[in-house]
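My numbering puts the first residue of the sequence shown at 110, with every later residue one more than the last. Beta carbons are placed, not taken as given, at the ideal position from N, Cα and C, and that holds for glycine. Given the structure is predicted, the values throughout are model-derived calculations rather than measurements.
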Amino acid sequence: MKSLENFARNLRRLRNERKLSQEELGFQVGMHRTSINNLESRRHSPSLKNMARIAEALGVKVDDLIQDPE
């Protein structure tokens, strides 16, 4: 699924650009570090609720998380 791959890449890129650890981002959105790791490595798909929380914490729109990173 292409959108899940895009989400994982964008999540990692945006998190790193903001110099946040997985643990720091997880704390901001109410998720455990391992959940963030599972999202970034495509082991799990995010719920819409978590996707919205992550987008807000990173200061982007949900669209920015699922668009093609190229």
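Please state whether the Cβ-Cβ distance between residue i and residue j is less than 8 Å.
{"i": "LEU113", "j": "SER154", "result": "yes"}
{"i": "LEU129", "j": "LEU174", "result": "no"}
{"i": "ALA117", "j": "SER150", "result": "yes"}
{"i": "ASP177", "j": "ASN115", "result": "yes"}
Considering Cα atoms alone, identify which of the options is closest to residue i.
{"i": "VAL138", "options": "GLN131, SER150 and ILE163", "result": "ILE163"}
{"i": "GLU132", "options": "ASN125, GLU126 and HIS141", "result": "HIS141"}
{"i": "ARG127", "options": "ALA166, LYS170, ASP172 and ASN147", "result": "ALA166"}
{"i": "ARG152", "options": "THR143, GLY135, PHE136 and LYS170", "result": "THR143"}
With a threshold of 16 other CB atoms inside 10 Å of the CB of residue i, please say whether the residue is buried or exposed.
{"i": "GLY168", "result": "exposed"}
Practice item. Run through the stretch 114–151 for me and flag every whole alpha helix (DSSP H) of 4 or more residues, listed as ranges in chain order. Key: DSSP runs (the alpha helix (DSSP H)) wholly in the stretch 114–151: 131–138 and 142–149.
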